[in-house]
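See structure below.
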Amino acid sequence: MPFWVEQEHRDNEQHQGIGIKDAEVLQLVTAFQLFGSWRLDLDSGHLFASSDFSDLFSLEHTDGPMNLAAVSAQIHPDDLGFIMSTFERASVDKRTYHSIFRVGAEGETYRFLRSVGMFRNKPGTSGEVVGITYEFFPRRSGTAFMSADERWPLGSPGPHQTDSED
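Residue numbering for the sequence shown follows the numbering used here, beginning at 7 and increasing consecutively.
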């Protein structure tokens, strides 16, 4: 089910060429969906993560290291081994990766998450893997801050009319 896409890391700084700052890109990307950021210390095995990450895994947030057993319990059993090998490959090969996997507690419908991560050198240590995780097929739809009438092209049936209404 899950897959690994191994690609050369691509620095994308196009936005700077048109006058958009890094912080503005981050604000836009995270404005309407959860984007969990995380860091895995390879020497200690500790996973540090943002509150959005905790929310994506339906876990209570903590400022210290995450409970890896609790995080692992949320990952579909068929995907867990794959996720573990992904971290190993990223750290050994010092690569950037992305993967898609399923999460959800027993009895829930599984949701798809996508993680994008990369190895980061940390002098004097084995390094760390850092990344982001977000819901791959968001469950919400619609457009924020628009009225129902604004969502429909002019002349097409909107939410309050049908083709037969005139």
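The beta-carbon is built from N, C-alpha and C at its ideal position, and this holds for glycine as well.
Practice problem: Return the bridge partner residues of residue 43 from the DSSP annotation. | Solution: Translated into positions along the sequence shown, residue 43 becomes position 37. Partner(s): 138.
Quiz prompt | Beta-carbon spacing of residue 93, residue 80 below 7 angstroms | solution = Position 87 of the sequence shown, counted from the first residue, corresponds to residue 93. Position 74 of the sequence shown, counted from the first residue, corresponds to residue 80. Inclusion of residue 93 and residue 80 in the CB contact set at 7 angstroms is not warranted, their separation being larger than that value.
Exercise. Specify, as a first and last residue, the run of the alpha helix (DSSP H) that residue 72 falls within.
Key: Reading the sequence shown from its first residue, position 66 is the one you call residue 72. Where residue 72 is concerned, there is no enclosing alpha helix (DSSP H), given that its DSSP letter is neither H nor E.
Quiz item: What is the DSSP secondary structure of residue 133, reduced to helix, strand or coil?
Solution: Position 127 of the sequence shown, counting from 1, holds the residue named residue 133. Residue 133: coil per DSSP, three-state reduction.
Practice problem: Return the CA-CA distance between residue 107 and residue 129, expressed in angstroms with no decimal places. | Solution: As a working note, residue 107 is residue 101 in the sequence shown. As a working note, residue 129 is residue 123 in the sequence shown. So the two alpha carbons sit approximately 31 angstroms from each other.
Self-check item: Sheet register partners of residue 119 (DSSP bridge)
Solution: Position 113 of the sequence shown, counting from 1, holds the residue named residue 119. DSSP lists 107, 141 as partners of residue 119.
Quiz prompt | Reduced DSSP secondary structure (H/G/I, E/B, other) of residue 86 | solution = Mapped onto the sequence shown, residue 86 falls at position 80. If DSSP states are grouped into helix, strand and coil, residue 86 belongs with the helices.
Self-check item: Alpha carbon of residue 18 to alpha carbon of residue 44, nearest angstrom
Solution: Residue 18 sits at position 12 when you count from the first residue of the sequence shown. Residue 44 sits at position 38 when you count from the first residue of the sequence shown. When rounded, the distance between both Cα atoms is 20 angstroms.
Exercise. Drop a sphere of 10 angstroms on the beta-carbon of residue 58, count the other beta-carbons inside from all chains shown, and report buried for 16 or more, exposed for fewer.
Key: Counted from its first residue, the sequence shown places residue 58 at position 52. Within 10 angstroms of the beta-carbon of residue 58 lie 16 or more other beta-carbons, which makes it buried.
Quiz item: Is it true that the CB of residue 48 sits closer than 7 angstroms to the CB of residue 121?
Solution: Taking the first residue of the sequence shown as position 1, residue 121 is located at position 115. Taking the first residue of the sequence shown as position 1, residue 48 is located at position 42. In this structure, residue 48 does not lie closer than 7 angstroms to residue 121 by Cβ.
Quiz item: If you run the structure through DSSP and keep just helix, strand and coil, what is residue 53?
Solution: As a position in the sequence shown, residue 53 is number 47, starting the count at 1. Residue 53 falls in the strand class under three-state DSSP.
Quiz item: For residue 93, which of helix, strand or coil comes out of DSSP?
Solution: As a working mapping, residue 93 is identified with position 87 in the sequence shown. The answer is helix: DSSP assigns residue 93 an H, G or I state.
Exercise. For the alpha helix (DSSP H) holding residue 34, just list the boundary residues, first then last.
Key: Residue 34 sits at position 28 when you count from the first residue of the sequence shown. Following the DSSP letters along the chain, one finds residue 34 inside the alpha helix (DSSP H) bounded by residues 28 to 35.
Quiz item: Whose C-beta lies closer than 6 angstroms to the C-beta of residue 100 among residues of the same chain, with five residues either side of it excluded?
Solution: Numbered from its first residue, the sequence shown carries residue 100 at position 94. If we look at residue 100 and ignore the five residues flanking it on each side, its Cβ neighbours are 125.
Practice problem: Label residue 158 either buried or exposed according to how many other C-beta atoms from any shown protein chain fall within 10 Å of its C-beta, with 16 as the threshold for buried. | Solution: In the sequence shown, residue 158 corresponds to position 152, counting from 1. Summary for residue 158: the model assigns pLDDT 44, below 50, so the residue's position carries little reliability; its value from the coordinates is reported in the next sentence. Burial check for residue 158: the Cβ neighbour count within 10 Å stays below 16, so the residue is exposed.
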